[in-house]
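First comes the structure, then the notes that go with it.
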Amino acid sequence: MKIVEQFIQSKSGNIDQCEDTFYCNEHFAIVIDGATNVSGRQFSGKTPGQLAAATIRDTFLQLNGKEDIIAIIQSINLNFQELYKTLDIEAEILEKPYIRPSAAMIVFSKFHNKVWMIGDCQCFYNDTLYQNIKRVDQVFEEVRSIILKGELQAGKRLEELLEKDIGFELIKPLIQKQYNFQNATPISTLSYGVVNGFSIPPELIKTLEVSQQTEFISLASDGYPRIYENLEKSEEELARLLLIDPLCIKENIGTKGVTKNNISFDDRTYLKVRIK
């Protein structure tokens, strides 16, 4: 496989703060999106999302390329357990799931000719966009949108809400509770898959079959509302939405907007590879 286009950017503009990462070799192409820090905790200067993304990426360096997603998750989880031991948080993460280092991940396997999606991520190939949107996020996005629209209706200025996102602060305790649905029974519509060192019900892993005729595939984190067949068009669409909806409460509804001094609402990564 060969990288055709790649781009990664932090929402703050400072790449050292980015919780996304990517990796590509002859076997795998992956994009990893470390979860936003809602605990306020850092470990050795790194956020939980950064630690999760690095742990997952390092695991792929150890794989031979023939593993399926179950074997991949097993290898990743072993490394997560070592991470939790090193950080001495094995007991704490059971009591407070929201402090767990965790990440969304999308993987293309050349050997299996499949895409595996865990959590918020997306890919584009053969003129089709595939996304993996969490129901629980949609619920909180709608709540935040209602709160901020109400503030605007009451006379608050856009600039005030960009400086202090009242909506996010109010849903933040709810997002912390959301972690109870991570890798939970798929019977609940609010359950979702995430890579965090714990087992993932297979039903929460979205699998896409990629035809042998497919030449290119693009993978991305949800820092793009949607992606297209190339980076330029994906960036253009993001720029349009950031201009018309910086609070992310209308066309690009989200759990957070473009806060003061940031350049976007989330970190973003785009990776396009030639697979044939």
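Every letter in the sequence shown is one number past the one before it in the numbering used here, and letter 225, counting from 1, is 226. Positions of the beta carbon are idealized from the N, C-alpha and C atoms, including for glycine.
| Check | Outcome |
| --- | --- |
| Opposing strand residues paired with residue 131 [DSSP bridges] | 124 |
| Short Cβ contact (7 Å threshold) for residue 217 with residue 275 | yes |
| Which of helix, strand or coil DSSP assigns to residue 273 | strand |
| Per DSSP, cross-strand counterpart(s) of residue 110 | 29 and 115 |
| Distance between beta carbons of residue 149 and residue 242, contact taken as under 8 Å | The pair is not a contact, with the Cβ atoms about 16 Å apart (cut-off 8 Å). |
| Run of the alpha helix (DSSP H) containing residue 234, from where it starts to where it stops | 232–245 |
| Per DSSP, the bridge partner or partners of residue 47 | 44 |
| Residues of its chain near residue 199, where Cβ-Cβ distance is below 6 Å and the 5 sequence neighbours each way are ignored | 184 |
| Sequence-distant residues of its chain with Cβ nearer than 6 Å to residue 254 (five each side left out) | 142 and 146 |
| Length at least 4, wholly inside the region 125–192: the alpha helix (DSSP H) runs in chain order | 136–154, 159–164 and 167–179 |
| Runs of beta strand (DSSP E) lying entirely within the region 46–102, each at least 3 residues, in chain order | none |
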